[in-house]
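Protein chains in written order, with our numbering: chain U, 1 to 366; chain W, 367 to 605.
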């Protein structure tokens with residue numbers, strides 16, 4: 001077998017010109033927030049390092065991550081990345097099927113034990129021994145564990161793999177479980193979002209294969225360069241928030257003027273993602289730009305957090321008990337006011353009866 | 367009433383005023399009270415902004431001002447708390463009551479229970495305390511130590527979202543998001559904490575006024591000049 005091929009070799013084989021390759025490198029370096037000199041470093045890495053295989057698994061999911069990924073705003077990036085990852089295993093995108101496809105997994109383990117990146121879209125259901133998601137005759141969770149045992153690192157694509165998403169919403173009958181709660185012994189990069197932004201996905205995967213390490217992560221395991229700030233921090237409607245100019249209803253003057261959507265439930269102030277900077281579909285738009293509040297789809301548990309159209313939302317108080325912060329608070333304050341009034345009345349009555357019994361006592365004693 | 371003999375440990379006390387609340391405690395109390403009221407009001411209007419304004423965004427800074435005032439009073443609140451905890455160490459014995467609960471003392475718990483009965487009108491035997499009665503001590507601890515720390519931690523954690531990763535707020539309080547990864551949930555917990563304060567402020571003011579109008583000791587004036595005054599010569603409850 002000849003020396004292991006590089007990414008550059010593969011891209012050239014797929015008909016990508018050197019010029020396109022270099023464009024891709026500078027674009028990605030910029031997307032990752034790296035300095036200009038990193039375009040060259042990125043190119044050098046992709047030209048010289050042996051190619052890192054990427055295995056792309058699908059658990060319980062809707063394939064919106066794959067859909068987003070292949071619609072990467074810049075077709076160039078899409079082509080390049082596709083040529084990088086479709087080589088190995090991605091059951092939605094690859095040509096092989098059935099036994100042939102499953103065989104590829106074993107071949108990858110044999111050839112690249114401990115070297116490949118496992119990209120997980122969706123999550124495994126654990127209830128009934130994982131019977132709610134069967135692939136190739138076996139529960140998906142077994143396939144995931146098997147592939148994770150031999151991988152170098154895991155990318156958890158989307159909110160499903162990162163947090164659980166809608167299939168993990170209450171009461172979660174299949175016990176759909178995010179990757180980091182199933183695989184405990186491998187480094188995991190969470191790329192949440194429903195789906196994540198295409199450029200974020202290509203950026204993360206390029207960083208990992210080119211630099212051979214995880215991107216810098218925040219406390220929750222998300223790449224800092226894309227999840228370091230809230231949508232609110234970079235929102236183009238932020239000046240309206242600070243001024244106190246809000247959309248009160250979706251058909252009012254404020255909505256037409258593009259005021260802040262906080263009062264109609266925008267979750268931008270509590271959501272970490274890159275929508276307000278990178279935007280969607282090649283920078284065409286994003287929810288707030290199109291006049292609707294952010295749902296917070298990249299956040300943990302967003303599906304069980306109550307109304308998408310209210311700034312004050314539900315809370316899980318204890319076990320399965322849920323309550324609206326507003327109602328809990330209002331009840332508390334009302335209880336205090338009523339309690340105080342009742343107690344004051346009680347005090348007056350107590351004083352009066354106390355005096356009477358004291359007088360009676362004095363009469364008896366006297 | 368004056369012939370009550372159940373507290374054999376009790377000392378006979380004259381009607382001489384007793385100096386209880388030292389200057390730092392009193393100053394802290396009022397600064398803290400103002401900070402909490404400002405925090406509650408601005409906090410409420412951050413959750414429920416005022417009706418929308420028209421014109422240009424550059425003409426107004428309403429939400430920005432609410433947030434700024436909220437953050438400034440939060441700093442005052444937090445620094446005040448630190449000073450108060452320090453004073454619990456160096457101040458007089460009454461300064462410690464708010465911070466250290468004698469939870470190991472069975473006697474103390476009995477006295478808490480007695481206060482519960484007293485305030486439920488189940489007994490008429492009022493206790494007589496120089497500092498706080500044990501139930502007051504317990505509830506003040508829950509509000510000032512437990513809730514105070516809870517609000518400071520969740521508040522500064524939310525503040526760290528604006529100051530960004532690596533900022534002091536993030537380094538000191540970012541761990542909140544390890545316990546509760548959803549910042550919307552942290553917001554809502556912080557918001558419920560505000561309502562607990564409203565609950566506390568209402569009951570606190572009521573109980574203090576009740577001391578003045580319906581008990582044998584003074585209430586509000588104690589936090590103004592620092593002296594506890596009794597209206598009778600009865601024995602003290604065991605401390």
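The beta carbon of each residue, even a glycine, is placed where N, CA and C say it ideally should be.
Can you look up residue 387 of chain W in the DSSP assignment and give me helix, strand or coil?
coil
Do you know whose CA, among W/512, W/524, W/582, lies nearest residue 433 of chain W's CA?
W/524
Count the other C-beta atoms from every protein chain shown that fall within 10 angstroms of the C-beta of residue 121 of chain U, then say buried if there are 16 or more, exposed otherwise.
buried
Name the chain W residues that come within less than 9 Å of residue 121 of chain U, Cβ to Cβ?
Within chain W, no residue has its beta carbon less than 9 Å from that of residue 121 of chain U; the closest one is some 21 Å off.
With a CB to CB cut of under 7 Å and the five nearest residues on each side skipped, what residues in its chain are close to residue 416 of chain W?
428
Can you list, in chain order, the stretches of the alpha helix (DSSP H) that have 4 or more residues and sit fully within the region 510-564 of chain W?
If you keep only unbroken alpha helix (DSSP H) runs of at least 4 residues inside the region 510-564 of chain W, you get 514-529, 534-539, 542-545.
Can you check which of these residues, W/414, W/594, W/468, is closest to residue 504 of chain W by C-alpha distance?
W/468
Closer than 7 Å, CB to CB, is residue 478 of chain W near chain U or not?
no
Do you know how far the Cα of residue 289 of chain U is from the Cα of residue 548 of chain W?
24 Å
Does any C-beta atom of chain W lie closer than 7 Å to the C-beta of residue 243 of chain U?
yes
Going straight from the alpha carbon of residue 601 of chain W to that of residue 334 of chain U, what length do you get?
38 Å
Which of the three DSSP states is assigned to residue 189 of chain U in this structure?
Note: residue 189 of chain U maps to strand in three-state DSSP.
What residues are listed by DSSP as bridge partners for residue 246 of chain U?
In the DSSP assignment, residue 246 of chain U is bridged to U/260.
When the distance is taken between beta carbons, is residue 550 of chain W closer than 7 Å to residue 270 of chain U?
yes
Hey, is residue 350 of chain U's beta-carbon within less than 7 Å of any beta-carbon in chain W?
yes
If you measure from the beta carbon of residue 429 of chain W to each beta carbon in chain U, is any gap under 7 Å?
yes
How big is the Cα-Cα spacing for residue 568 of chain W and residue 125 of chain U?
49 Å
Rounded to a whole number of angstroms, what is the C-alpha to C-alpha distance between residue 244 of chain U and residue 413 of chain W?
If you take the alpha carbons of residue 244 of chain U and residue 413 of chain W, they lie about 12 Å apart.
Give the secondary structure of residue 281 of chain U by DSSP, where H, G and I count as helix, E and B as strand, and everything else as coil.
coil
Using only CA atoms, which one of U/177, U/153, U/23, U/68 lies nearest to residue 162 of chain U?
U/177
Residue 221 of chain U and residue 188 of chain U: beta carbons closer than 7 Å?
Cβ atoms of residue 221 of chain U and residue 188 of chain U: closer than 7 Å.
Counting along the chain, where does the alpha helix (DSSP H) carrying residue 200 of chain U start and finish?
Where residue 200 of chain U is concerned, the enclosing alpha helix (DSSP H) stretches over 198-211.
Just how far apart, CA to CA, sit residue 181 of chain U and residue 191 of chain U?
15 Å
Secondary structure at residue 176 of chain U, three-state DSSP: helix, strand or coil?
When DSSP states are grouped into helix, strand and coil, residue 176 of chain U belongs to the strand group.
Report buried or exposed for residue 402 of chain W, applying the criterion of at least 16 other Cβ atoms within 10 angstroms of its Cβ.
buried
Which one or two residues does DSSP pair with residue 596 of chain W in a beta bridge?
W/583
Step through the CB atoms of chain U and report whether any lies within less than 7 Å of the CB of residue 554 of chain W.
Answer yes: the Cβ-Cβ gap between residue 554 of chain W and chain U drops below 7 Å somewhere.
Please classify residue 129 of chain U as buried or exposed, where buried requires at least 16 neighbouring CB atoms within 10 angstroms.
exposed
Tell me the rounded alpha-carbon separation between residue 267 of chain U and residue 296 of chain U.
5 Å
Residue ranges of each beta strand (DSSP E) run of no fewer than 3 residues wholly in the region 44-77 of chain U, ordered along the chain?
54-58
On the criterion of 16 or more Cβ atoms from any shown chain inside 10 Å, does residue 579 of chain W qualify as buried, or is it exposed?
exposed
Looking at the strands, I want to know which residues DSSP matches up with residue 157 of chain U.
U/121, U/191
Suppose the cutoff is 6 Å on Cβ atoms and the five residues either side in sequence are ignored; what does the same chain contact list for residue 439 of chain W look like?
401, 404, 405
Return the Cβ separation of residue 32 of chain U and residue 203 of chain U in integer angstroms, given the expectation that the two are a contact with Cβ distance under 8 Å.
Contact between residue 32 of chain U and residue 203 of chain U holds: their C-beta atoms lie close to 5 Å from each other, under 8 Å.
Could you check whether residue 565 of chain W and residue 336 of chain U sit closer than 7 Å to each other, using their CB atoms as the reference points?
yes
Output the distance between the C-alpha atoms of residue 596 of chain W and residue 493 of chain W, rounded to the nearest integer angstrom.
12 Å
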